[in-house]
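Peer 1: Going by our numbering, the sequence shown opens with residue 907, and the numbers climb by one from there. Pasting in a structure now, in structure tokens, and then I'll have a few things to ask.
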Amino acid sequence: MTPPQPTADEIVQRGQMLYEEHIRPTVHSEDTGKFVEIDVKTGAYDLDESDITAVTRARLNHPRATFVIRRVGSAAAYRLGAHRPTLAS
907 MTPPQPTADE IVQRGQMLYE EHIRPTVHSE DTGKFVEIDV KTGAYDLDES
957 DITAVTRARL NHPRATFVIR RVGSAAAYRL GAHRPTLAS
């Protein structure tokens, strides 16, 4: 019998926990803006300036893993929707 698969929310929560507790303390200011791709089962991660490169490399190395991707220095990898430009005073 196979164990139940984690929900999307559980995967995101695990990725967030791994980032905050194990990865964030190891990244440097020069990594800001890079993508970090996290294997939520093992905690292994990879950094790259390209999200596609990070995910492709991770999938080649760990084809059956479940990953979360985010951007260093940001709450998420991407922003959805429009934003209003600020007006200069």
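Built from N, CA and C at the ideal position, the CB exists for glycine as well.
Is DSSP giving R970 helix, strand or coil here?
Peer 2: coil
Peer 1: Indicate whether V978 and D937 have their beta-carbon atoms separated by less than 8 Å.
Peer 2: yes
Peer 1: Might you give, ordered along the chain, the residues of its own chain that have their beta carbon closer than 7 Å to the beta carbon of G949, omitting 5 neighbours on each side?
Peer 2: L924 and H928
Peer 1: Tell me the DSSP bridge mates of D952?
Peer 2: According to DSSP, D952 bridges with E943.
Peer 1: Quick one: is R930 buried, meaning 16 or more other Cβ sit within 10 Å of its Cβ, or exposed?
Peer 2: exposed
Peer 1: Could you check where the alpha helix (DSSP H) with M907 kicks off and where it finishes?
Peer 2: No alpha helix (DSSP H) holds M907; DSSP gives it neither H nor E.
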